[in-house]
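Protein chains in written order, with this note's numbering: chain A, 1 to 290; chain B, 1 to 290.
There are 2 protein chains.
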Amino acid sequence: MATGPDSITLLDSLDALADWRAAQSGSVHFVPTMGNLHAGHLKLVEHAAQDGTAVIASIFVNPTQFGPGEDFERYPRTLAADLEALASAGCDAAWTPASATMYPLPEAYRFAIRAPAALADCLCGAHRPGHFDGVCGVVMRLLWQLRPERAVFGEKDYQQLLIIRRMVEDFSVPVAIDAAPTVREADGLALSSRNRYLTDSEREIAPALYRVLQALADEAAEQGPGTFDRLRRSGMERLASLGFRPEYVELRNAETLAPADGSDDRVFAAAYLGRARLIDNVAVTRQNRL
Amino acid sequence: MATGPDSITLLDSLDALADWRAAQSGSVHFVPTMGNLHAGHLKLVEHAAQDGTAVIASIFVNPTQFGPGEDFERYPRTLAADLEALASAGCDAAWTPASATMYPLPEAYRFAIRAPAALADCLCGAHRPGHFDGVCGVVMRLLWQLRPERAVFGEKDYQQLLIIRRMVEDFSVPVAIDAAPTVREADGLALSSRNRYLTDSEREIAPALYRVLQALADEAAEQGPGTFDRLRRSGMERLASLGFRPEYVELRNAETLAPADGSDDRVFAAAYLGRARLIDNVAVTRQNRL
Chain A
1 MATGPDSITL LDSLDALADW RAAQSGSVHF VPTMGNLHAG HLKLVEHAAQ DGTAVIASIF
61 VNPTQFGPGE DFERYPRTLA ADLEALASAG CDAAWTPASA TMYPLPEAYR FAIRAPAALA
121 DCLCGAHRPG HFDGVCGVVM RLLWQLRPER AVFGEKDYQQ LLIIRRMVED FSVPVAIDAA
181 PTVREADGLA LSSRNRYLTD SEREIAPALY RVLQALADEA AEQGPGTFDR LRRSGMERLA
241 SLGFRPEYVE LRNAETLAPA DGSDDRVFAA AYLGRARLID NVAVTRQNRL
Chain B
1 MATGPDSITL LDSLDALADW RAAQSGSVHF VPTMGNLHAG HLKLVEHAAQ DGTAVIASIF
61 VNPTQFGPGE DFERYPRTLA ADLEALASAG CDAAWTPASA TMYPLPEAYR FAIRAPAALA
121 DCLCGAHRPG HFDGVCGVVM RLLWQLRPER AVFGEKDYQQ LLIIRRMVED FSVPVAIDAA
181 PTVREADGLA LSSRNRYLTD SEREIAPALY RVLQALADEA AEQGPGTFDR LRRSGMERLA
241 SLGFRPEYVE LRNAETLAPA DGSDDRVFAA AYLGRARLID NVAVTRQNRL
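Right under this line is the structure:
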């Protein structure tokens, strides 16, 4: 196996993975990805590697978390560049299973995780039915395959992060789930593989999503829960007037996703810009502006 | 901790369990139970212990696998006798979690496993909606809690055994699932905690369930798949004429539970006798009669 500072061990079978896992004497930290890596993913790897622990990243475009008509087919696949980027970021191994390795049984015999409606049927889940069930199913498989001591998820996909935290708690999975802050472009746009769907003119508008969320968070912090419903509607209007097709703007409790009540709240939004579906979220507190 | 030959380590918190698990240098074998142990359970323990490996049994009456109107409330709880029996059978530890330990999240935030309809919505699953989802959910939790190298299930609950095998395969859980043959009374009645619901006169009728299944298996082996539908109906009639209220009699493939086709088939039945719901199954082959 290659072991240089800028090399990475490529694992694409359960046997190879089991051998690699058995050879790790200490902890293993894990970064799940769907590939097409950007600086946000690499921050997750750096976070995972920070105490010198072995880091493994998975690259798997998981079909079960895409709905009909979503972008599973055109989701960008960039394996060679991804492996190079992972190696540079200090990742020790890449787990790149085929679909039949991740889902060994015929579809009619496949098991699923059902995430609780309270967490999974609101926000993005209300617009992407079954999405979080698919995420939970693949993460549960990955956790059994890798049995990491720690796994790192980005706050950009906050609902996903929270659902995985609760799933791990509910099933007593012995893994710590770390959150890494959203990485942004200089103009505030949250990094996302889907940003490449933006045209040049859409790219100029895109950072406004974050600015609107910051403004809503400021106003929510100042004006209190009585104003949240008005702020939500106002957020939808502001995004629409900027050229977005907003899917939702919501204020929710950061731990339960119940409607926000003035303590530990976050503002969440999803909005289309052209064919790109963008999501973002910020804590309800005075925002540090760029 | 007690360590004599007829003693057993009682574990009732995740912390105590983690300490015990970490102290096992070799493999751990696992026998899941709902308590009220009989000789059938103890055979599972003996099977699990046969190569000198540490054996842990769980005792947990799992609410999520009981339907409304089923016997969750009156299911017999006999912890002291169970622990004594486990110790005598060579079990090293008993895992007896409280419900809040097994299911730490409020019900609205609980995750579930959805077993595939092809396996879970036929036979017992057709009459106990959600039953196997509940079984899968608790077994998935137990597997994370204990991380055993091997787990032993009885063939008496054949559909459960098969579903757990497939779940473990589908999620890449690193555990071997062993099957232990059904243990029977001298007159052929399969041992079951629910046999205690039988009155004396019902107890005399009860062994006929096994005899009918043996006869059907003989006839199916001799007469071939063309007769299976007739045999199924005949089985229902024979059970009814003996005083049972049969729920189903089915011939199914032993690996897929698809309708039997003449190779690797089993006969399955469930039938009420008074308030006891009895189940049994046998392979389609010339039966060795008692």
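Cβ atoms here follow ideal geometry from the backbone N, Cα and C, with glycine treated the same way.
Judged by DSSP in its simplified three-state form, A:A115 adopts coil rather than helix or strand. Counting only runs of 4 or more residues that sit fully inside the segment 196 to 282 of chain A, the alpha helix (DSSP H) segments are 200 to 205, 208 to 223, 228 to 242, in chain order.
In this structure, DSSP gives B:A151 an extended state, which the three-state scheme calls strand. Put simply, the segment 250 to 269 of chain B touches the segment 277 to 287 of chain B. At least three CB pairs are less than 8 Å apart. Among the residues of chain A, none has a CB under 7 Å from the CB of B:R266; the nearest is roughly 17 Å distant.
The DSSP assignment places 54 to 59 as complete runs of the beta strand (DSSP E) inside the segment 35 to 82 of chain B, in order along the chain (cut-off: 3 residues). DSSP, read as helix, strand or coil, puts B:D178 in strand. Using a CB distance cut-off of 9 Å, B:L209 does not count as an interface residue toward chain A.
Interface flag for A:F111 against chain B is set, since a Cβ pair is found closer than 9 Å. In terms of beta-carbon proximity, A:V135 stays away from the interface with chain B, with every pair separated by 9 Å or more. Taking C-alpha positions only, B:A208 is separated from B:V249 by approximately 14 Å. A contact between stretches requires three or more CB pairs, one per stretch, nearer than 8 Å, and the segment 104 to 113 of chain B fails this requirement with the segment 27 to 44 of chain B. The way I'd put it, the segment 146 to 153 of chain A does touch the segment 168 to 187 of chain A; three or more beta-carbon pairs between them come closer than 8 Å.
Taking a Cβ-Cβ threshold of 7 Å, the residues of chain B close to A:P116 are A108, Y109, R110, F111, in chain order.
Along the segment 162 to 175 of chain A, the positions whose C-beta sits under 8 Å from a C-beta of chain B are R166, M167, E169, D170, F171, S172, V173, P174, read in chain order. In the DSSP assignment, B:V139 falls within the alpha helix (DSSP H) that extends over 131 to 146.
Among the residues facing chain B, A:Q24 is not included, as its CB has no counterpart in that chain under 9 Å away. Flagged as an interface residue toward chain B: A:Q145, by a C-beta distance shorter than 9 Å. Taking A:T78 as the centre and dropping the five residues before and after it, the same chain places the C-beta of G35, N36 closer than 7 Å to its C-beta, in chain order. About 6 Å separates the beta carbon of A:P116 from that of B:F111, a gap short enough to meet the 8 Å contact definition. Taking the Cα of A:A271 as reference, the smallest distance to any Cα among A:R286, A:G224, A:L198 is reached at A:L198.
Annotation: the continuous beta strand (DSSP E) that includes B:L11 extends over 9 to 11. Going by beta carbons, B:V212 and B:G243 fall outside the 9 Å limit. With a threshold of 9 Å between beta carbons, B:R141 makes contact with chain A. Using a Cβ-Cβ cut-off of 9 Å, B:Y158 does not count as an interface residue toward chain A, since no Cβ of chain A sits closer than that to its own. Within the DSSP secondary-structure output, B:V31 pairs in a beta bridge with B:A57. From the beta-carbon of B:P129, no residue of chain A is found nearer than 7 Å; the closest lies around 14 Å away. Three or more beta-carbon pairs separated by less than 8 Å link the segment 88 to 102 of chain B to the segment 52 to 64 of chain B, which places the two stretches in contact. Rounded to whole angstroms, the gap between the alpha carbons of A:A126 and A:G274 is 21 Å. Neighbours of B:P76 across chain A, judged by C-beta separation under 8 Å, do not exist; the nearest C-beta is about 27 Å away. A direct Cα-to-Cα measurement between A:V183 and B:E70 gives close to 52 Å. The beta carbon of B:Y158 sits closer than 6 Å to the beta carbons of N281 from its chain, once the five residues preceding and following it are set aside; these are given in chain order. Taking the CA atoms as reference points, B:A215 sits about 11 Å from B:E222. In the three-state reduction of the DSSP assignment, A:R21 falls in the helix class. Closest by C-alpha distance to A:S192, out of A:Y75, A:V135, A:P97, is A:Y75.
Under the DSSP assignment, A:A93 falls in the beta strand (DSSP E) whose first and last residues are 93 to 95.
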